[in-house]
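*Asks:* One structure coming up, written as structure tokens, with questions to follow.
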Amino acid sequence: MKKPKTNDVILQTVTNVVTFIIVLFSLSLFFAGHYTPGGGFIGGLMTSAAIVLMLLAYDLDTVANILPIDYKILTAVGLLIAVATGAGALLFDVPFLTHAYDYFYLPLLGKTSLHTAVLFDTGVYLVVIGVTMTIIQTIGVSE
Amino acid sequence: MLHTILQLTLLLVSLSMLGLIYRLIKGPTTPDRVVALDAIGINLIAIIALVSMLLDTFAFLEVILLLGILAFIGTVAFSKFLEKGEIIERDRDH
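Chains as they are written, first to last, in the working numbering: chain A, 1 to 143; chain B, 1001 to 1094.
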């Protein structure tokens, strides 16, 4: 069946602007997770929401050109980071998954507390993006 | 005083949500229901803002932006399904 040609110029223009706002919001949720509501899980979900919005406005091939990422590998990398953060504690003779933090004086940022839980959260973030996008790309296409 | 006004506003927003739920159940066509769902999402944002003022907390402000984004994406997905019959295309040229 030949469908009439449609024009999504409004949707695509809005998507081009809104995607950046959603990604910035997801990064803000991710980095604010230690002190305010947020964290790796909801940050990853929001990032995949931005990618889903691009999938809605464009199509699978275009988005694969913009973001050439294999999401199954992304899931594996996230799990590796999470396990490596836990196993890194064993190097310092403390139990598995023991986290440490300290205060550092960074240029521009000043006194900042850096915590190894952020590395674990990065793993969660990558796994959530990878799993969500794998599910949506697998069942989203109607063939 | 402010407490009473907030509770009154919550009541009014709940009433408007009831009207939207009536449209959601009754709506003769699917686009009616999609628009009703979108408006219910926006009303939910208003309710969250009012409740966070009542509870005097900043903890729910992320939820407001989150619901706005989710309502937008959900409505776009529904509209695309209604118009084209599929939500994610493999190649949009044909």
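From the three backbone atoms N, C-alpha and C, an ideal C-beta is built for every residue, glycine too.
1) Pull up the DSSP beta-bridge partners for Asp59/A, would you.
2) Can you tell me whether DSSP reads Asp1104/B as helix, strand or coil?
3) Quick one, which of Ile10/A, Tyr125/A, Ile21/A and Val9/A has its alpha-carbon nearest Leu79/A's?
4) Check Phe104/A in the structure and name its three-state DSSP category.
5) Over what stretch of residues does the beta strand (DSSP E) that includes Thr112/A continue unbroken?
6) Ordered along the chain, which non-local residues of its own chain (more than five positions away) have a Cβ less than 6 Å from that of Tyr71/A?
7) On the three-state DSSP scale, how would you describe Ile1088/B?
8) Compute the Euclidean distance between the alpha carbons of Ala82/A and Val94/A, then round it to the nearest angstrom.
9) Between the Cα of Ala1036/B and the Cα atoms of Leu1055/B, Ser1016/B and Leu1050/B, which residue gives the shortest distance?
10) Determine whether the Cβ of Val1076/B lies closer than 7 Å to any Cβ atom of chain A.
11) Excluding the five sequence neighbours on either side, which residues of its own chain have a C-beta within less than 7 Å of the C-beta of Thr19/A, listed in chain order?
12) Give a yes or no on whether the C-beta atoms belonging to Arg1033/B and Gly1041/B are separated by under 7 Å.
13) Could one say the Cβ of Gly140/A lies closer than 7 Å to chain D's Cβ atoms, at least one of them?
14) Taking C-beta to C-beta, are Leu1050/B and Leu1010/B nearer than 7 Å?
15) Is Ala57/A near Thr98/A, with beta carbons less than 7 Å apart?
16) Using 10 angstroms around the beta-carbon of Gly1019/B, count the other beta-carbons present and answer buried if the total reaches 16, otherwise exposed.
17) Please state the DSSP three-state secondary structure of Asn7/A.
18) Terminal residues of the continuous alpha helix (DSSP H) containing Thr85/A?
19) Which residue wins for smallest C-alpha separation from Leu119/A, given the options Leu29/A, Thr138/A and Thr85/A?
20) In the DSSP assignment, find the unbroken alpha helix (DSSP H) run with Tyr1022/B in it and report its ends.
21) Checking contacts by CB at 7 Å: is Ala49/A closer than that to chain B?
22) Given a cut-off of 7 Å on the beta-carbon distance, is the pair Gly39/A and Val128/A in contact?
*Replies:* In short, the structure shows the following:
1) The residue given as residue 59/A occupies position 59 in the first sequence. None; Asp59/A has no bridge partner.
2) Residue 1104/B is absent from the structure shown; chain B starts at 1001 and stops at 1094.
3) Indexing the first sequence from 1 puts residue 79/A at position 79. Cα-wise, what sits closest to Leu79/A is Tyr125/A.
4) Position 104 of the first sequence holds residue 104/A. Phe104/A: strand per DSSP, three-state reduction.
5) Here residue 112/A corresponds to residue number 112 of the first sequence, with the count starting at 1. Gly110 to His115 is the span of the beta strand (DSSP E), which, as asked, contains Thr112/A.
6) Working through the first sequence from its first residue, we reach residue 71/A at position 71. The residues are Gly130, Met133 and Thr134.
7) On the second sequence, residue 1088/B is found 88 positions in, with the first residue counted as 1. In the structure shown, Ile1088/B sits in a strand (DSSP, three-state: E or B).
8) In the first sequence, the residue the question calls residue 82/A occupies position 82. In the first sequence, the residue the question calls residue 94/A occupies position 94. Distance between the alpha carbons of Ala82/A and Val94/A: 17 Å.
9) Position 36 of the second sequence holds residue 1036/B. Looking at the Cα atoms, Ser1016/B is the closest of the given residues.
10) Position 76 of the second sequence, counted from the start, is the residue given in the question as residue 1076/B. Interface residue, yes.
11) The residue you call residue 19/A lines up with position 19 of the first sequence. Cβ neighbours of Thr19/A beyond the five flanking positions: Ala50, Leu53 and Met54.
12) By 1-based counting over the second sequence, the position of residue 1033/B is 33. By 1-based counting over the second sequence, the position of residue 1041/B is 41. Not in contact: Arg1033/B and Gly1041/B (Cβ atoms no closer than 7 Å).
13) As a matter of chain content, chain D is missing from the structure shown, whose protein chains are A and B.
14) To locate residue 1050/B, count along the second sequence from 1; it is residue 50. To locate residue 1010/B, count along the second sequence from 1; it is residue 10. Yes, these two residues count as a Cβ contact at 7 Å.
15) One-based indexing of the first sequence puts residue 57/A at position 57. One-based indexing of the first sequence puts residue 98/A at position 98. Contact flag unset, no.
16) Here residue 1019/B refers to the residue found at position 19 when the second sequence is read from its first residue. Result: exposed.
17) The count along the first sequence starts at 1 and reaches residue 7/A at position 7. Looking at Asn7/A - three-state DSSP - the assignment turns out to be coil, as it is neither helix nor strand.
18) Mapped onto the first sequence, residue 85/A falls at position 85. It spans Tyr71 to Gly88 - the alpha helix (DSSP H) in which Thr85/A sits, taken as one unbroken run.
19) Working through the first sequence from its first residue, we reach residue 119/A at position 119. Looking at the Cα atoms, Thr85/A is the closest of the given residues.
20) Translated into the one-based positions of the second sequence, residue 1022/B becomes position 22. Element bounds for Tyr1022/B: Leu1002 to Lys1026.
21) Position 49 of the first sequence, counted from the start, is the residue given in the question as residue 49/A. Yes, because at least one Cβ of chain B sits closer than 7 Å to the Cβ of Ala49/A.
22) Sequence index remark: in the first sequence, residue 39/A carries index 39 (1-based). Sequence index remark: in the first sequence, residue 128/A carries index 128 (1-based). Contact: no.
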